[in-house]
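Protein chains in written order, with my numbering: chain A, 7 to 331; chain B, 240 to 489; chain C, 1369 to 1630.
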């Protein structure tokens, strides 16, 4: 009898510990998926969820706060995603928060990142649909790019004209000084160049910010989950950066020259007497030209990037439509 | 048929029992009657169907045809419950003792009491019954041993005690002395006799041991080729001139 | 000669089908009898103790070593890709989903399956099963139902232990080689796991346990006469069970794949 009693106790222990392991595992897994405890619903919609699955994590400023509960097709490009969020965290989310889709590491599963918006806003209430980010961002970015590109094109054309004229001979220098229209032209070009340069740097900083968030991982623009693509974009941005520096250089060079011209005779003499300077301007112009070409190339590269392809196609279509009108 | 003991009524009747395994016809129309208070020895060569017969008798094997009537009930027509009830009246001593290896002697003896509750009711304390059965085989000291710790003779006696614990009216012995040395075998035979005196049981003893048959039998049946070849007391049969019968007595 | 070979193969196939058929009847009888009263609860507990507690050490040691070795072996490959931080998730998923259940089941097929085969076989040979029948106890209920139940319910628990210990073994390697803290390791482990990993694997283990008990009992209960029969019963119980385990595993994974759609 003694023996069977201890056997029973041991069996009981065995079963209880075994089941505890199971329950603990279940609880821990469930806890990770926020299946138990106080949770509140929150929704958002995307036009592309990139293979997001039920149960994927939701992060708020990089902290795991919930999971994806439901993914529903609403329109052909509109997918509503419902999430459950930890109640504790819920009180910190404001209505201007934005959701993006990103990937968790190199081969990780998809995550939704909720980023706090700038400035003040009301707190979200349960079931509130916060805005999502991925489309707006890329569109804005590309708009800027396209404007910059146009400006740069115009400016290089103008500059080329001027430099060619300067190169054509001494006569032109005189013409340059005497012809007010020409001076005006040059001035205009300068302002274009300035604007263009500003815009370029602006878009670069935009892109840079984008890349930075890419690096941070917790703020990934949904579509840019692929590192290869990210690297490519980084390259493009690097190129743009260089271009911008060169444009800047060119602008300051030309600026200096123009100032000299404006200043009066000394400058004119200097300009006409110093072939080195002429060459310098020439080379500056070539630089600007090159830079502009490179910028074009970069934009071309962006166009071929599958991510932005759709956007460019849309632009072309719009252009066609306008032409038809 | 009850020629030898006309004052007793039959307790087991077997009529035309047939059993075959494939092409091997083990029993070919075996007939037998066991009277109350009688020790019936059934002798036969190995494979002559003795064990099969006795297993049919207790419902462990199903015969192909023939009827077996035990205490007025026809085996084979009984429901599981009534068969089990009937089995409480029939003890079975197995050839190899068949003690449960994983249980102590006490648990072995208690085992039949678990389900055969009709006879004694549900027992809170089985000790008196266990000890009584053990004392009647002279092994009260072995109550807490495991079967592996027992000698062959002790095992046989414990097995006997296990059959006795339900105080059956009939005991079936399947080769009770096989595998034991002559002295132990004799002890077992003496024990069997004393039990018959004590509990007034009827018994069928299956054996091929002539000494066993001589000591214990009131009547004998010789089983040859699946039928009851010859019948009579030990003296009658040992004087027979039939060569088949003589072969048993050498 | 070739005719003979063909004939042999047909005979082999026939006997295989016969075995499957008999096993199915045996399983059907198990289900019929397991609902009948009285319930042999005490014997069930005894068997649970025998199969659960007494296998724990074996399962623990194997589980620990498997976790250890598995991690040690996969580490260099992951290191090549610079993905050592994926170790916990990878190890946990493979242990919980596949390695834990199948290794534990195989170990138990060796220990418990052969044990049941030999025990019931020798009980059959020495007429203990007949003796039970005569004693008014349904031996099928007392011996077979309790044992199959015990394996069915004990194996999942053994697998929990095996999984936990295997993960611990894996953690030790990670801790020594990669300086991963206990908290981080298990955080990553449970981060990688989903219910879709744990639940099908757990359900599967019930079937594993059932198969071990069923085949062991089947082989033992219908053991051929003689001591050689006992050996054959024990041996074929292990072989047949191991094969059946893989078949069940295949079906389980297949079904999981379709229905769970992970």
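We put the CB at the ideal spot given by N, CA and C, even for glycine.
Assigned exposure category for residue i - 16 Cβ within 10 Å defines buried
| i | result |
| --- | --- |
| residue 1390 (chain C) | exposed |
| residue 260 (chain B) | exposed |
| residue 1630 (chain C) | Confidence at residue 1630 (chain C) is low in this model, with a pLDDT of 49, below 50, so its placement is unreliable and the value that follows should be read with caution. Residue 1630 (chain C) is exposed by the Cβ-count criterion. |
| residue 333 (chain B) | buried |
| residue 57 (chain A) | exposed |
| residue 270 (chain A) | Residue placement at residue 270 (chain A) is poorly supported in this model, since its pLDDT is 49, which falls under 50; the coordinates still yield a value, given next. So residue 270 (chain A) ends up on the exposed side. |
| residue 442 (chain B) | buried |
| residue 231 (chain A) | Bear in mind that a pLDDT of 49 at residue 231 (chain A), under 50, signals an unreliable position, so the number given afterwards is only what the model happens to contain. It counts as buried. |
| residue 157 (chain A) | buried |
| residue 51 (chain A) | buried |
| residue 277 (chain A) | A caution first: residue 277 (chain A) carries a pLDDT of 49, below 50, which makes its placement in the model too unreliable to give a value. |
| residue 1406 (chain C) | exposed |
| residue 143 (chain A) | Note that residue 143 (chain A) has pLDDT 47, beneath the 50 cutoff, so the model's placement of it is unreliable and the number below is only indicative. Residue 143 (chain A) comes out buried. |
| residue 337 (chain B) | buried |
| residue 1441 (chain C) | exposed |
| residue 1431 (chain C) | buried |
| residue 327 (chain A) | exposed |
| residue 1531 (chain C) | buried |
| residue 364 (chain B) | exposed |
| residue 1434 (chain C) | buried |
| residue 495 (chain B) | Residue 495 (chain B) is absent from the model: chain B starts at 240 and stops at 489. |
| residue 66 (chain A) | buried |
| residue 1614 (chain C) | exposed |
| residue 1565 (chain C) | buried |
Residue i, enclosing beta strand (DSSP E) - first and last residue
| i | result |
| --- | --- |
| residue 458 (chain B) | 458-463 |
| residue 84 (chain A) | 84-92 |
| residue 314 (chain B) | From DSSP, residue 314 (chain B) is part of no beta strand (DSSP E); its letter is neither H nor E. |
| residue 1534 (chain C) | Careful: residue 1534 (chain C) lies outside any beta strand (DSSP E), inside the alpha helix (DSSP H) at 1514-1546. |
| residue 349 (chain B) | From DSSP, residue 349 (chain B) is part of no beta strand (DSSP E) but of the alpha helix (DSSP H) over 344-354. |
| residue 466 (chain B) | 466-471 |
| residue 305 (chain B) | 304-309 |
For residue i, the residue or residues it bridges with in DSSP
| i | result |
| --- | --- |
| residue 249 (chain B) | B:274 |
| residue 269 (chain B) | B:256 |
| residue 109 (chain A) | A:116 |
| residue 264 (chain B) | B:259 |
| residue 137 (chain A) | A:104 |
| residue 66 (chain A) | A:69, A:120 |
| residue 412 (chain B) | B:332, B:444 |
| residue 279 (chain B) | B:443, B:458 |
Element boundaries [alpha helix (DSSP H), containing residue i]
| i | result |
| --- | --- |
| residue 47 (chain A) | Run containing residue 47 (chain A): none in the alpha helix (DSSP H); it sits in the beta strand (DSSP E), 45-52. |
| residue 453 (chain B) | 449-455 |
| residue 371 (chain B) | 366-375 |
| residue 1422 (chain C) | 1422-1448 |
| residue 290 (chain B) | 289-296 |
| residue 431 (chain B) | 421-438 |
| residue 327 (chain B) | Segment: none, residue 327 (chain B) is in no alpha helix (DSSP H) and carries neither H nor E. |
Checklist entry - When the Cβ atoms of the segment 324-341 of chain B are set against those of the segment 405-425 of chain B, are three or more pairs found closer than 8 angstroms? => result yes
Checklist entry - Using a beta-carbon distance cut-off of less than 8 angstroms, what residues from the segment 1492-1505 of chain C approach chain B? => result 1494, 1495, 1496, 1498, 1499, 1500, 1501, 1502, 1503, 1504, 1505
Checklist entry - On the three-pair Cβ rule with 8 angstroms, is the segment 1585-1593 of chain C touching the segment 1569-1576 of chain C? => result Two segments are said to touch when three or more pairs of C-beta atoms, one from each, lie closer than 8 angstroms; by this definition the segment 1585-1593 of chain C does not touch the segment 1569-1576 of chain C.
Checklist entry - Three or more C-beta pairs closer than 8 angstroms, one from the segment 1513-1531 of chain C and one from the segment 1458-1474 of chain C: is that the case here? => result yes
Item to check | Contacting positions in the segment 279-305 of chain B - beta carbon closer than 9 angstroms to chain C | outcome: 294, 297, 298, 299
Item to check | Cβ-based contacts, 8 angstroms cut-off: residues of the segment 1408-1421 of chain C near chain A | outcome: 1413, 1414, 1416, 1417, 1420, 1421
Checklist entry - Is the number of C-beta pairs between the segment 389-408 of chain B and the segment 368-378 of chain B that are closer than 8 angstroms three or more? => result yes
Next on the checklist: Any C-beta of chain A within less than 7 angstroms: which residues of the segment 1523-1535 of chain C qualify?
Outcome noted: 1525, 1528, 1529, 1532
Item to check | Residues of the segment 1537-1569 of chain C with Cβ closer than 7 angstroms to any Cβ of chain A, in chain order | outcome: 1558, 1559, 1561, 1562, 1563, 1566
Checklist entry - For the segment 327-340 of chain B, which residues have a beta carbon sitting closer than 9 angstroms to at least one beta carbon of chain C? => result 327, 329, 330, 331, 333, 334, 335, 336, 337, 338, 339, 340
Next on the checklist: So, does the segment 1480-1496 of chain C touch the segment 1540-1555 of chain C, judging by three or more C-beta pairs under 8 angstroms?
Outcome noted: no
Checklist entry - Are the segment 282-299 of chain B and the segment 309-321 of chain B in contact at 8 angstroms, needing three or more beta carbon pairs? => result yes
Checklist entry - For the segment 1449-1479 of chain C, which residues have a CB atom closer than 7 angstroms to at least one CB atom of chain A, in sequence order? => result none
Next on the checklist: I want to know whether the segment 124-141 of chain A touches the segment 90-107 of chain A - three or more CB-CB distances under 8 angstroms.
Outcome noted: yes
Next on the checklist: Measuring CB atoms only, is the segment 448-465 of chain B touching the segment 281-289 of chain B, in the sense that at least three cross pairs come out at less than 8 angstroms?
Outcome noted: yes
Item to check | chain A contacts from the segment 1424-1439 of chain C (Cβ-Cβ distance under 7 angstroms) | outcome: Hits within the stretch, in order: 1424.
Checklist entry - For the segment 1578-1587 of chain C against the segment 1600-1615 of chain C, are there 3 or more C-beta pairs whose distance is under 8 angstroms? => result yes
Next on the checklist: Measuring CB atoms only, is the segment 386-401 of chain B touching the segment 339-347 of chain B, in the sense that at least three cross pairs come out at less than 8 angstroms?
Outcome noted: yes
Checklist entry - If contact means a Cβ-Cβ distance below 7 angstroms, which residues of the segment 84-107 of chain A contact chain C? => result none
Checklist entry - Looking at C-beta atoms only, is the number of pairs between the segment 1532-1543 of chain C and the segment 435-455 of chain B that lie closer than 8 angstroms three or more? => result no
Item to check | Contact the segment 25-38 of chain A vs the segment 79-94 of chain A: 3+ CB pairs below 8 angstroms | outcome: no
Checklist entry - Mind listing which residues of the segment 362-384 of chain B have their C-beta closer than 7 angstroms to chain C's C-betas, in chain order? => result none
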